[in-house]
Amino acid sequence: MSKPTSPRRLVPVLALLLASTAVSASEPAVTLGGVVMRVFDRKKGDIVTPDEASDPYGMNVDALLLVRVQGTYEGDKPLKLTLTASAAKEETEAGSRRAWKVTQTRELYALPEGGVAQVPFVLPYQCAGTVKVVATLTGPGIKDTRKLDTAFPCAE
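Take any residue in the sequence shown, note its place counting from 1, add 6, and you have its number in the numbering used here.
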């Protein structure tokens, strides 16, 4: 018969287990991987780059911003993913373009087992030389932000 393990021997092992659990609990399990801009071409019925769109004037297309969320999550409260896109007023050869700002929010109750999700945001395509995009993920113990400086180009 084996000799019972002494409680004194278990103390260091338990301390290491508790310390490793405390460290991993403080690190967020979910992060943002980045933001990618595409367009949905209504004529083609396809997702393409802005250069591949069938209309160079920004007509019959919608802006499609894909936010990559990495990690796993199954909490009581949903994660909140907010995307804001904005452009300042511009003067171009074709005339002036008004300033605009669009904000959309998605609630994420669970993420895929593989640990990567692409969350789509569809926005009106409004021609702009500079568009600032900010994606923010918030939830219990989670706050992460990614930015994208892009353009919604149109032929002049």
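Glycine included, every Cβ here is placed at the ideal spot set by N, Cα and C.
Here the structure is a predicted model, which is why all the values come from computation and not from measurement.
The alpha-carbon of P159 is positioned some 16 Å away from that of K107. Here A94 has A105 as same chain residues with Cβ atoms under 6 Å from its own Cβ, once five neighbours each way along the sequence are excluded. Look at P56 here: in three-state DSSP terms it is helix.
For N66, the closest of T111, E80, L129 by C-alpha to C-alpha distance is L129. By the Cβ rule, the region 78-93 counts as touching the region 138-149, because three or more pairs are nearer than 8 Å. Beta-bridge annotation (DSSP): A93 is paired with W106. Beta-bridge analysis with DSSP links T156 to V137.
Apart from sequence neighbours up to five positions away, the residues of its chain that approach R152 with a beta-carbon distance below 7 Å are L38, G40, V41, A141, ordered along the chain.
Boundaries of the beta strand (DSSP E) harbouring R74: 67-77, taken from the DSSP string.
Secondary structure of R48 (DSSP, three-state): coil. The Cβ atoms of G64 and Y131 lie closer than 7 Å to each other.
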